[in-house]
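Shown next, in structure tokens, is the structure this report addresses.
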Amino acid sequence: KLVHMFRTTVPGQVSAQPLVVGSTVIVVTENDWVYVPDATTGAISWSRHLGSAFVITKSSNPKLRICGDLVPNIGVTGTPVYDPANGFVYFFANVMSGRWPHWYLYGIDPAHSGAIVQKTFIAGHPTNDSRISFSGTMQGERAGALLEGGAIWGAFASHCDKRPYAGYVARVTTSSKPAVRLWTDESGAAPDQAGIWQSGGGIVADPQGRIYLTSGNGISPPRTSRPPGQLAESVMRLGYSRGKISARDFFSPANAPKLDAADTDFGSGGPVGLPFGTSSYPDVLAQAGKDGRIFLLNRDNLGGREQGHGSGDAVLGVTKPYRGEWDHPAVFGNTSTLTAANAGSARDYLYYMGQSDYLRVFKFGVSSSGKPTLSDVANTALKFGYTSGSPAVTSNGTNAATAVLWEVFDYGPSGKGGALEAYNVSSKALSKCTSAKPCRLSPIWHH
């Protein structure tokens with residue numbers, strides 16, 4: 002039940018997902034402002050200005066002046082993260098310093114009108130390649146931030162693919178004396194491209210503290226089982242030890258060079274860790290990109306590149322191509338471990354939104370070899386335009402009878418005519434849905 006609804010206009014584009022912390026709503030904009038609207042009325046309770054945003058149309062770099070992405074300003078793009086230990090909210094912001102834009106990690110205190118408690122400059126060389134330096138002009142931060150291990154993690158790509166740029170990961174501690182560590186996914190012979198953007202999807206950490214993210218275009222890995230220096234078109238598992246970030250594992254599709262050549266980024270979508278698995282494979286991750294295949298990967302052994310039969314993909318499963326993804330799937334599960342015995346009654350689903358396509362519901366099963374499977378069992382009558390939002394599912398805990406699927410509808414990139422849609426995906430509504438006879442989802446909300 003929706004208790005309060007309001008509409009509030011704030012100056013500047015809102016690219017990052019607003020945070021709701023208790024009864025506090027926190028909105029960050031590309032104008033480098035933070036706004037907190039009253040959760041009941043929508044009236045602005047307080048606001049905080051971080052500095053002057055990067056006005057891309059006035060850049061001293063002529064290549065960036067014609068960039069059509071995020072015009073006219075670049076300020077806060079990636080979704081912030083909340084730290085329950087201290088009550089602070091952290092995010093990365095592009096702020097002008099003299100003539101040049103710089104990236105900073107900001108920490109603010111919502112309990113004290115957004116007082117700035119941390120401002121840390123992001124700069125330097127990645128620990129795995131001292132020949133390149135992080136540039137606040139050429140790098141863009143779109144992926145959602147992550148709080149893990151007493152530090153904030155951020156990922157960087159490009160501004161409109163204007164080179165030189167690289168995929169970067171930044172780890173910034175939240176201590177009284179913050180430390181910045183950088184890592185790049187394109188080190189060695191050609192340290193260029195392979196941006197990590199994920200259409201704004203967040204960096205993922207699993208219960209073991211392992212960190213996952215997905216890269217886009219650049220130099221693809223060779224055929225190998227161990228992470229090389231070049232990690233374009235790859236899902237990567239990162240670790241941190243002795244002051245250094247490193248790649249511990251990876252997966253890249255066998256056709257990665259073709260994906261790169263056709264601008265069919267694997268990393269146009271963000272990775273999603275599943276809250277369930279099978280007896281043989283308890284730790285599963287889902288990943289999809291522009292080519293529309295949904296991969297199921299083993300988080301304990303992602304699969305490298307060309308390590309499967311006949312130099313194919315060593316994965317737990319992969320679907321046929323659907324429409325490409327520019328977001329990330331949503332997942333619901335009421336079964337901690339899928340088995341052949343309980344798969345029929347289990348209510349474990351993945352919800353997928355492809356470009357200009359129907360919103361699709363996939364049911365999880367288990368194969369004879371103990372691997373998870375996906376079956377397309379339901380979809381909407383409505384086709385969602387390009388730039389429609391990432392799906393989200395709400396429920397009363399793991400009670401499948403209460404599941405509701407939410408999706409923001411857009412006609413196209415302008416967002417004009419957008420609406421919030423909700424669908425009944427309860428256990429009763431999906432009980433008779435199969436891949437042989439897919440169901441049509443019933444809308445229960447439109448606004």
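Mapping of the sequence shown onto this note's numbering: position 418 corresponds to residue 419, and the numbering continues sequentially without gaps. Ideal Cβ positions, reconstructed from N, Cα and C, are used throughout, including at glycine.
>> I believe A167 touches S221 by the beta-carbon criterion, under 8 Å. Please report the beta-carbon distance rounded to the nearest angstrom.
In response: So it is not a contact: roughly 15 Å between Cβ atoms.
Subject >> Check whether S428 and A401 have beta carbons under 9 Å apart >> reply: With respect to A401, S428 sits close: the two C-beta atoms are nearer than 9 Å.
inquiry  = Rounding to the nearest angstrom, what Cα-Cα distance links S134 and N299 in this structure?
reply    = The alpha-carbon of S134 is positioned some 33 Å away from that of N299.
(message) On the criterion of 16 or more Cβ atoms from any shown chain inside 10 Å, does M6 qualify as buried, or is it exposed?
(response) With fewer than 16 Cβ atoms within 10 Å of its Cβ, M6 is classed as exposed.
Q.
For the alpha helix (DSSP H) containing A146, name the first residue and the last one.
A. A146 -> no alpha helix (DSSP H), and no H or E assigned at all.
**Request:** Consider the Cβ of P228: report whether some Cβ of chain B lies at a distance smaller than 9 Å.
**Result:** In the structure shown, chain B cannot be found, because there is only a single protein chain.
**Item:** Inter-stretch contact at 8 Å, needing at least 3 Cβ pairs: the region 252 to 269 / the region 288 to 308
**Value:** Yes, since at least three Cβ pairs between the region 252 to 269 and the region 288 to 308 fall closer than 8 Å, the two stretches touch.
For the alpha helix (DSSP H) containing A257, name the first residue and the last one.
Start and end: 257 to 262.
Taking 8 Å as the cut-off, does the region 28 to 47 touch the region 120 to 132 (at least 3 CB pairs, one atom from each stretch)? Verdict: no, contact absent.
- [ ] Report the residue from F93, S176, W104, V37 whose alpha carbon sits nearest the alpha carbon of S114.
- [x] Nearest in C-alpha terms to S114, of all of F93, S176, W104, V37, is V37.
Open item on the list: Suppose you measure from the CA of P276 to the CA of A152; what does that come to, to the nearest Å?
Closed with: Answer to the nearest angstrom: the Cα atoms are 23 Å apart.
- Identify, in the order they occur along the chain, each residue of the same chain with its Cβ nearer than 7 Å to the Cβ of G244, setting aside the five sequence neighbours on each side. Within the same chain, G244 has close Cβ partners R182.
- Message: Just verifying my parser: in three-state terms, what is the DSSP assignment at R249?
- Response: Residue state, collapsed to three classes: strand.
Below 8 Å on the Cβ atoms is my contact criterion, and I expect R172 with W198 to pass it. Report the Cβ-Cβ distance as a whole number of Å. Wrong, their Cβ atoms sit about 18 Å apart, outside the cutoff.
With three or more beta-carbon pairs closer than 8 Å as the criterion, would you say the region 40 to 47 touches the region 61 to 71?
Three or more Cβ pairs closer than 8 Å define a contact, and the region 40 to 47 falls short of that threshold against the region 61 to 71.
- Mind checking which residues open and close the beta strand (DSSP E) that includes K64? Per DSSP, K64 lies in no beta strand (DSSP E); the unbroken alpha helix (DSSP H) holding it starts and ends at 63 to 66.
Open item on the list: Quick check on the DSSP output: the beta strand (DSSP E) that includes T185 runs from which residue to which?
Closed with: 181 to 185 is the extent of the beta strand (DSSP E) around T185.
Margin query: Using CA atoms only, rank isn't needed, just tell me which of R224, G69, N87, M97 is closest to G52.
Written below: Looking at the Cα atoms, M97 is the closest of the given residues.
For T395: DSSP bridge partner residues:
For T395, which the question treats as bridged, DSSP gives the partners V405.
task = Check the DSSP bridge columns for K364 and list the partner residues they point to.
result = K364 is bridged to Y350, S376.
Buried or exposed: where does Q140 fall if 16 or more other Cβ atoms within 10 Å of its Cβ makes it buried? Burial call: buried.
Exercise. Pick from S136, P85, K384: whose alpha carbon is nearest that of A112?
Worked result: Checked all of S136, P85, K384; the closest Cα to A112 is P85.
Legend entry - Cutoff 8 Å; reference S346; Cβ partners in own chain excluding five residues on either side: There are no such residues.
Subject >> Candidates N74, I109, N95, A94: closest to G88 by CA position >> reply: Of the candidates N74, I109, N95, A94, the one whose C-alpha sits nearest the C-alpha of G88 is I109.
Discussion item. Going by DSSP in three states, T340 sits in which element: helix, strand or coil?
Written reply: In this structure, T340 counts as coil in the three-state DSSP scheme.
Open item on the list: Tell me the rounded alpha-carbon separation between G293 and D266.
Closed with: For G293 and D266, the distance between alpha carbons rounds to 10 Å.
For this session: Within its chain, find whatever has a CB closer than 8 Å to the CB of N343; leave out the 5 residues flanking it on each side and keep chain order.
Result: Contacts found: T336.
Fill in: Environment of A158 [buried if 16+ CB atoms lie within 10 Å]
Buried, by the Cβ-count rule.
- Query: Going by alpha carbons, who is nearest to G137 out of K163, P192, K259?
  - Reply: For G137, the closest C-alpha among the options K163, P192, K259 is that of K163.
**Same chain, Cβ closer than 8 Å to S48, neighbours up to 5 away in sequence not counted** = So the list reads W34, V35, Y36, V37, G115, once near-sequence residues are dropped.
Original post:
Are there 16 or more other CB atoms within 10 angstroms of the CB of N95, so buried, or fewer, so exposed?
Top reply: Flag for N95 reads buried.
Boundaries (first-last residue) of the beta strand (DSSP E) holding A116: Counting along the chain, the beta strand (DSSP E) containing A116 begins and ends at 116 to 122.
- With burial defined as no fewer than 16 other Cβ atoms inside 10 Å of the residue's Cβ, what is the status of S389: buried or exposed? So S389 ends up on the buried side.
Based on the DSSP secondary-structure assignment, which residues constitute the bridge partners of I27? DSSP links I27 through a beta bridge to L20.
Check: So, helix, strand or coil for G219, using DSSP?
Finding: In the three-state reduction of the DSSP assignment, G219 falls in the strand class, which pools E and B.
Exercise. Identify every run of the alpha helix (DSSP H) within the region 34 to 84, keeping only runs that are complete inside it and at least 4 residues long; order them along the chain.
Key: Taking 4 residues as the shortest admissible run, the region 34 to 84 contains the following complete alpha helix (DSSP H) segments, listed from N- to C-terminal end: 63 to 66.
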